[in-house]
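Taking it in order: structure first as structure tokens, then the write-up.
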Amino acid sequence: MTYALQLEAIWKSFGSHVVLKDVSLDLRKGEFMTMLGPSGSGKSTTLNIIAGFYYPDRGNLYLHGKEIAHVAPNRRNIGMVFQDYALFPHMTILDNVAFPLEARGIARRARRDKAAEMLGVVGLAEYVDRSPWQLSGGQRQRVALARALVFNPDIVLLDEPLGALDKKLRTEMQIEILRITRQLGATVISVTHDQEEALIMSDRIALFRKGELAQVGLPRELYAEPNSVFTADFLGESNFLNATLSRGGGQAVLQGDGWRYAVPSDRIGPNVADGPVKVMLRPEQMTRLAGADAAADRAFVRAVIRDAVYLGSGIRVFAVTRDGTEVQITHPVDADARSLERGCEILLGWKSTVGTVLQG
Amino acid sequence: MTIAANPETAGERGGLLRRMARANWLLLALPALAFFSIFFVYPLIDIAMRSLQGGVVNYERIFGTTLYVRVVMTTFEMALIVTVCCLVIGYAYAYALSATGGYLQVFLTLALLLPFWVSVLLRTFAWLVLLQNTGLINQGLLALGLIDAPFQLVRNKFGIAVGMVNILLPYMVLPILSVMKGIDPKLMLAARISGASYLRCFFRVYLPLTLPGIISGCVLVMTLSLGFYIVPAVLGGGRDTMIAQLIADQITRQVNFSFSSALAVTLMLFTGIVFALFALSLRLAKKRLGG
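Residue numbers (full-length UniProt numbering), protein chains in the order written: chain A, 1 to 360; chain B, 1 to 291.
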């Protein structure tokens, strides 16, 4: 199988600072991949290497099987939407979108027709003669998208494309970008530090950490089966309970502070060693137990309420266990909610079938 | 609170207050206005009146005499040459300044602005020392055996151009530099990834965006060039008289105030036309850029 894009053991340093360490990534044709990570994690550098603005120190880069690591950006056939759109202020909207075609030597008439058609696709057919400064943020975003797609690029890069938009418009544009790129069958790499955006838009997510790939997978894999505390912490809210793991006879025994249960040992990842571990639980996987519910098939931990915040759909309870671990759960707004007062001791339970064991 | 109770009078009072405030600001400009009226506008009108003594004979003489027409032509020719030279050198210099940082930027800035603080007269005579037949450049080239006879570097248009470009370069660099610094570098990246070569990137994106700076620089250099006196007087030859020299000559030697006034008015009119043309093109350029 040939991939739309392959990154093969890419290394990059700026001075003595190593920004990318051995990054390998494959992208299938028509796939929407998001490179996610905190700032300085190397995702933007990776994007710039794919675009050709930086060349990698080591490693290779293949676009449809063709090596491009040292090919100039204008010879790569890659489209890109910049963070602040980078529309040419001295050109009309139509000329902006026609520019990549102009650079490819396509005749004036043909490129104007094609650009107008693409502006129709992004819903800006009536704006062809406007200047960029006459458009709203969302409209500029669409123009930038049209310019990046008009020449049927092999892949399209989106550099924090929604960062400059307000919350409501952002959600709208997320759906719009998906609609347009799917309609054209484009292969897309998007960079963001917004985990929600990544979960909504991506076929797959590549999570970066300190210049390395922490985990690559489907959004639900990263959320439900994180392979590290970092991934679990970065995507969504998580609780990490301290425990000690010991394996034997197909069973894995987890011993915590005042709780203990066994699970089949194939539920524990091979990279987790016996000894101190973390049990990762999402807030929605933990429930408050009345004393009588503390049955054998449930694990539970005692915690003291530090704060309870009303969120409308539920109550977010922040509590601290006896060993000082901070945990949070989502409590339903019901009669029991009244007793959620600061300083109260509560029992927090979870099913032993949920919870991901991670190296501590 | 009576004001609030009656919005009509409130509005009137607000208007009156605003008008008074505006009048107060005008008062601050009064000394400057008075100064300019007495020492600039009045003499200007006086010169215009003098130039028209006996009708338009003076102007007929200027535009009917080959010698004077040639002086006007030379003035424009020199202004044009100097502007073009300043543009070519200054654009590259401004780009280097905008693209570098650290010590190199400090050095380039100093190299540009230090000569600013040395008197024009001094610098012009320094050029004479450097460029004359027995000057450093010719003697150096002769000593190296690169030439057999000294090049004629002064007492001609070349000498004038060197002197004027040296003095006027900062006026070209600074407006262009300020525009270049405001250009988003991502625009060049966007052009590159869109498939544009460096050349297309420059001519289709960078150059058009720096156009307002180019026009501002050109109008400054061109209008200043038209009135240059010291440089052509020191570095020029007898055939390269510029209009300011002619005016000085008419006043100091011929003592013909009426005719020299007409020359001054002519210079001012031409300068005004050049200025207006550039201002118009600047407005057009800015309109396209959405400024």
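Glycine is no exception: its CB is placed at the ideal position from the N, C-alpha and C atoms. Quick caveat, the model's predicted, so the values are computed rather than measured.
Check, Outcome
"Could you please give me the residues that DSSP links to residue 100 of chain B through a beta bridge?", "Partner(s): none; residue 100 of chain B has no beta bridge."
"Anything in chain A within Cβ reach of residue 184 of chain B, meaning under 7 Å, just list it in chain order.", "86"
"Just the chain A side, please: which residues come within less than 8 Å of residue 199 of chain B by C-beta, in chain order?", "Residues of chain A passing the Cβ test: none, with the nearest at roughly 11 Å."
"With distances taken Cα to Cα, identify the nearest neighbour of residue 281 of chain B among B:267, B:152, B:212, B:42.", "B:212"
"Strictly by DSSP, which residues pair up with residue 89 of chain A?", "Paired residue(s): none; residue 89 of chain A is not in a bridge."
"If we define contact as Cβ-Cβ less than 7 Å, is residue 283 of chain B a contact residue for chain A?", "no"
"Quick check on DSSP: helix, strand or coil for residue 6 of chain B?", "In this prediction, residue 6 of chain B has a pLDDT of 47, which is less than 50 and means its spatial position is unreliable; what the coordinates show is noted afterwards. Note: residue 6 of chain B maps to coil in three-state DSSP."
"Could you tell me which whole alpha helix (DSSP H) segments of length 4 or greater appear in the region 186-253 of chain A?", "195-201, 219-224, 229-234"
"Would you please verify whether the beta carbon of residue 244 of chain B is less than 7 Å from any beta carbon of chain A?", "no"
"Which whole-angstrom value describes the C-beta separation of residue 347 of chain A and residue 302 of chain A, a residue pair presumed to lie in contact below a C-beta threshold of 8 Å?", "6 Å"
"Along the chain, where does the alpha helix (DSSP H) containing residue 107 of chain A start, and where does it finish?", "Counting along the chain, residue 107 of chain A falls outside any alpha helix (DSSP H), and DSSP gives it neither H nor E."
"With C-beta atoms as the reference, is residue 278 of chain B less than 7 Å away from residue 221 of chain B?", "no"
"Taking 7 Å as the CB-CB limit, is residue 51 of chain A close to chain B?", "yes"
"Residue 278 of chain A by DSSP, collapsed to three states: which one?", "strand"
"Grouping DSSP H, G and I as helix and E and B as strand, with all else coil, what is residue 21 of chain A?", "strand"
"Which class does residue 74 of chain A belong to by DSSP, given the choice of helix, strand or coil?", "helix"
"Shortest alpha-carbon distance to residue 90 of chain B belongs to which of B:215, B:19, B:130?", "B:215"
"Are the region 223-233 of chain A and the region 48-56 of chain A touching, with three or more C-beta to C-beta distances below 8 Å?", "no"
"Please report the residue range of the beta strand (DSSP E) in which residue 173 of chain B lies.", "Not the beta strand (DSSP E): residue 173 of chain B falls in the alpha helix (DSSP H), residues 157-181."
"Taking beta-carbon pairs under 8 Å, can you tell me which members of the region 103-120 of chain A lie near chain C?", "Considering every chain present, this structure includes no chain C. Its protein chains are A and B."
"Would DSSP call residue 111 of chain B helix, strand or coil?", "helix"
"Give a yes or no on whether 7 Å exceeds the smallest Cβ distance from residue 80 of chain A to chain B.", "yes"
"Rounded to the nearest angstrom, how far is the Cβ of residue 24 of chain A from that of residue 7 of chain A, given a contact under 8 Å?", "6 Å"
"Which class does residue 425 of chain A belong to by DSSP, given the choice of helix, strand or coil?", "Missing from the structure shown is residue 425 of chain A; chain A here goes from 1 to 360 and no further."
"Considering only C-alpha positions, which residue in the set A:277, A:167, A:205 is nearest to residue 222 of chain A?", "A:205"
"Output the distance between the C-alpha atoms of residue 305 of chain A and residue 345 of chain A, rounded to the nearest integer angstrom.", "6 Å"
"Would you say residue 179 of chain B lies against chain A (beta-carbon separation less than 7 Å)?", "no"
"Would you report the Cα separation of residue 26 of chain B and residue 175 of chain B, rounded to the nearest angstrom?", "30 Å"
"For the putative contact between residue 362 of chain A and residue 189 of chain A, defined by C-beta atoms under 8 Å, what is the C-beta separation to the nearest angstrom?", "Not covered by the structure: residue 362 of chain A. The range shown for chain A is 1 to 360."
"Taking a contact to mean a Cβ-Cβ separation below 7 Å, would you say residue 80 of chain A touches residue 193 of chain B in this structure?", "yes"
"Could you please give me the residues that DSSP links to residue 139 of chain A through a beta bridge?", "Paired residues: none, contrary to the question."
"Kindly say whether residue 74 of chain A, judged by its beta-carbon, lies nearer than 7 Å to any beta-carbon of chain B.", "yes"
"Enumerate in chain order the residues of its own chain whose CB-to-CB distance from residue 39 of chain A is below 7 Å, with the five nearest sequence positions on each side excluded.", "193"
"Quick one: is residue 56 of chain A near chain B, going by C-beta distance under 7 Å?", "no"
"Please confirm if the region 109-127 of chain B is in contact with the region 247-262 of chain B, defined as three or more CB-CB distances below 8 Å between the two stretches.", "no"
"Taking buried to mean at least 16 other C-beta atoms within 10 Å of its own C-beta, is residue 208 of chain A buried or exposed?", "buried"
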